[in-house]
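With the numbering used here, the residue at position 274 of the sequence shown is 275, and numbering never jumps.
We put the CB at the ideal spot given by N, CA and C, even for glycine.
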Amino acid sequence: MEDSLINRRGFTAASLATGFALAVLPVSAETITTDTDSIDAEMVQVPVAGGATMGAYRAVPKWTGKGGGHPVVLVVQEIFGVHEHIRDLCRRLAKSGYYAIAPDLYFRQGDATKVADIPTLVRDIVSKVPDEQVMADLDATVAYVAAHGKGDTSRLAITGFCWGGRIVWLYSAHNPDLKAGAAWYGRLVGGTDPLHPKNPIDLVNQLNAPVLGLYGAKDESIPVSSVEQMRAALADGDKAAKDCKIMVFNDSGHGFNADYRPSYNPADAKVAWKQMLEWFKRNGVPYVPHA
Numbered sequence: 002m003e004d005s006l007i008n009r010r011g012f013t014a015a016s017l018a019t020g021f022a023l024a025v026l027p028v029s030a031e032t033i034t035t036d037t038d039s040i041d042a043e044m045v046q047v048p049v050a051g052g053a054t055m056g057a058y059r060a061v062p063k064w065t066g067k068g069g070g071h072p073v074v075l076v077v078q079e080i081f082g083v084h085e086h087i088r089d090l091c092r093r094l095a096k097s098g099y100y101a102i103a104p105d106l107y108f109r110q111g112d113a114t115k116v117a118d119i120p121t122l123v124r125d126i127v128s129k130v131p132d133e134q135v136m137a138d139l140d141a142t143v144a145y146v147a148a149h150g151k152g153d154t155s156r157l158a159i160t161g162f163c164w165g166g167r168i169v170w171l172y173s174a175h176n177p178d179l180k181a182g183a184a185w186y187g188r189l190v191g192g193t194d195p196l197h198p199k200n201p202i203d204l205v206n207q208l209n210a211p212v213l214g215l216y217g218a219k220d221e222s223i224p225v226s227s228v229e230q231m232r233a234a235l236a237d238g239d240k241a242a243k244d245c246k247i248m249v250f251n252d253s254g255h256g257f258n259a260d261y262r263p264s265y266n267p268a269d270a271k272v273a274w275k276q277m278l279e280w281f282k283r284n285g286v287p288y289v290p291h292a
């Protein structure tokens, strides 16, 4: 079944580029596009603090969820924003029975998809996004799902990639109602500043839900030494920390699930995705694919 969800390939370079962030072009011929058969996928507007609204991409199964609501997965963007890859991940999750929603967490600072180079993106947008704001906007996203039906926020998980991988750890320490998290190659240690005062390793004993960490041994931006440092801290932590699990894929580097980039490792990505779904199921956020 999994392969049938992601088998639409063979597009021209021009069509592949549609919807992707400028900073990631050109995209790879291995890029996966998941269709919308049996799911509804659209942009929605989420009310947030200050009377503003935040765009979010959501994908929801068309079939009725158990008890009337589908388990919910917050999908946290890469550094490049909510571009086509993140939207496709939402569709994949919806195919597995989840209400998946990816809020545009940079919307106050700018449109990351329109920035053509990474240094400018980091300087002008990413560095200016406060962690406190991100936590509040994720809370607002959960409230939106709860208010609009179809999603059962009592069964809530979060996953994030790259920049979003770090946010997964932070949100587990923030939301006491979270059931599980899956952090893909998110930074664990490093410098801090007033807008980003804590690293995941600083929050080990504040975690509310177990997190599955998915990392690559060849990741030059997140060295294995920092991953092992986090693993040791979790082992010495309290119950939620001890329940966490970190997997390191020896043949992969940063972004190994990013099928639109040269870093993509299809074998490891497939294993890691399956591990994530099983992790959610084991921790009270079961997936229920349509028969």
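In the three-state DSSP reduction, isoleucine 159 falls in the strand class (E or B). At a Cβ-Cβ threshold of 8 angstroms, leucine 122 and valine 116 count as neighbours.
Comparing C-alpha distances from aspartate 239 to each of Val169, Val205, Ile223, Ala184 shows the shortest one belongs to Val205. Note: valine 76 is bridge-paired with Thr160 in the DSSP secondary-structure output. With a threshold of 16 other beta carbon atoms within 10 Å, tryptophan 64 falls short and is exposed. Threonine 37 sits in coil when the DSSP states are folded into three classes, being neither helix nor strand.
Where valine 130 is concerned, there is no enclosing beta strand (DSSP E), because DSSP gives it neither an H nor an E. Listed in chain order, the non-local C-beta contacts of alanine 24 below 7 angstroms within the same chain comprise Phe81, Val116, Ala117, Asp118, Ile119, Leu122, local neighbours out to five positions each way being set aside. Between tyrosine 145 and alanine 103, the C-beta spacing is not below 8 angstroms. Ranked by Cα distance from tyrosine 107, the first of Tyr216, Ala42, Thr37, Glu133 is Glu133. When the beta-carbon positions are compared, phenylalanine 250 and alanine 218 come within less than 8 angstroms of each other. Cβ-Cβ separation between alanine 184 and glycine 166: approximately 4 angstroms, consistent with a contact (criterion under 8 angstroms). With the rule of 3 Cβ pairs closer than 8 angstroms, the region 26-44 counts as touching the region 250-269. For isoleucine 223 and serine 128, the gap between their C-alpha atoms comes out near 18 angstroms.
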